[in-house]
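Residue numbers (this note's numbering): 249 to 463. Just so you know, even glycine gets a beta-carbon here, dropped at the ideal spot from N, CA and C. As the structure is a computational prediction, the values presented were derived from the model and not from experiment. To keep things clear, I will list the structure first and then write my remarks on it.
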């Protein structure tokens with residue numbers, strides 16, 4: 249008798265909280281923060297990543313009104329997925345993955361190590377991305393055929409010059425997942441402050457790149 253009562257109760261509880269059987273399999277928990285929640289849908293993840301990227305940018309320029317606007321949008325997504333408000337944004341954003349692995353490896357593929365500023369030789373074919381203008385400061389490089397749909401922590405919106413090797417082409421994107429305003433070049437760019445966005449000539453590509461491809 250007790251089993252007959254318990255099973256309908258569990259089904260009602262699952263329906264009330266909008267959790268499906270597959271949702272349990274998709275639930276993600278952040279270490280150090282209580283509670284489980286469903287993963288964001290692909291569309292909501294793209295939206296959240298875009299808000300997070302802009303939030304970082306506005307914080308650097310101390311644009312408080314836009315910072316609050318981006319926070320409100322991210323918290324709206326939190327509310328939809330029952331994510332506690334004390335969970336840091338970088339734990340939900342695509343580029344907030346635990347250090348050491350990026351992106352998560354697919355079946356049968358070894359994990360790709362994170363790049364590091366100043367690490368690795370310059371490629372024969374590919375590109376290097378520098379923290380300062382005139383190819384100065386620390387840098388990281390990618391071989392032709394590589395790319396990052398979301399630059400890892402410490403790299404997003406911090407590229408100021410680009411150097412190409414072996415006739416390669418670089419595509420840079422304003423948002424994660426190769427979205428938003430984009431530009432391509434087969435030439436070295438000594439100072440991204442001189443390369444203006446096609447959609448807004450008042451703004452430049454300096455410290456704005458969130459995803460990259462090298463061909």
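{"Item": "Shortest alpha-carbon distance to residue 383 belongs to which of 335, 441, 404, 445?", "Value": "441"}
{"Item": "Answer yes or no: the CB of residue 334 versus the heavy atoms of the ligand ATP, is any distance below 6 Å?", "Value": "Here there are no bound small molecules, and the ligand ATP is not part of this structure."}
{"Item": "Decide yes or no for the touch test of the region 287–298 against the region 315–334: beta carbon pairs closer than 8 Å, at least 3 of them.", "Value": "yes"}
{"Item": "With DSSP collapsed to three states, give me the class of residue 325.", "Value": "helix"}
{"Item": "Residue range of the beta strand (DSSP E) that residue 386 falls in?", "Value": "384–391"}
{"Item": "Quick check: the Cα distance between residue 345 and residue 375, rounded to an integer number of angstroms?", "Value": "Summary for residue 345: the model assigns pLDDT 46, below 50, so the residue's position carries little reliability; its value from the coordinates is reported in the next sentence. Distance between the alpha carbons of residue 345 and residue 375 is about 24 Å."}
{"Item": "For residue 455 and residue 301, which I take to be in contact (beta-carbon distance under 8 Å), what is that distance rounded to the nearest angstrom?", "Value": "About 11 Å; that fails the 8 Å criterion."}
{"Item": "Going by other Cβ atoms of all chains shown within 10 Å of its Cβ, with 16 needed for buried, is residue 316 buried or exposed?", "Value": "exposed"}
{"Item": "Taking 7 Å as the threshold (C-beta atoms), are residue 408 and residue 381 in contact?", "Value": "yes"}
{"Item": "By alpha-carbon positions, which one of 394, 299, 410 ends up nearest to residue 320?", "Value": "299"}
{"Item": "Once you ignore the five residues that flank residue 433 on each side, which residues in its own chain have a CB closer than 6 Å to its CB?", "Value": "418"}
{"Item": "Excluding the 5 residues preceding and the 5 following residue 457 in the sequence, name in chain order all residues of the same chain whose CB lies nearer than 6 Å to its CB.", "Value": "407, 420"}
{"Item": "Provide the residue span of the alpha helix (DSSP H) that contains residue 300, from first to last.", "Value": "290–308"}
{"Item": "In angstroms, rounded to a whole number, what distance separates the CA positions of residue 415 and residue 462?", "Value": "11 Å"}
{"Item": "Who are the Cβ neighbours of residue 372 in its own chain at under 7 Å, not counting the five residues just before and after it?", "Value": "413, 414"}
{"Item": "Might you give, ordered along the chain, the residues of its own chain that have their beta carbon closer than 6 Å to the beta carbon of residue 453, omitting 5 neighbours on each side?", "Value": "440, 443"}
{"Item": "With DSSP run on the structure shown, which of helix, strand or coil describes residue 399?", "Value": "coil"}
{"Item": "Any idea which residues DSSP pairs residue 448 with across the strands?", "Value": "445"}
{"Item": "Please work out which residues of its chain come closer than 6 Å, Cβ to Cβ, to residue 391, disregarding the five sequence neighbours upstream and downstream, and give them in chain order.", "Value": "371, 374"}
{"Item": "Go through its chain and collect everything with a Cβ distance to residue 341's Cβ below 7 Å, but skip five positions before and after it.", "Value": "296, 297, 300"}
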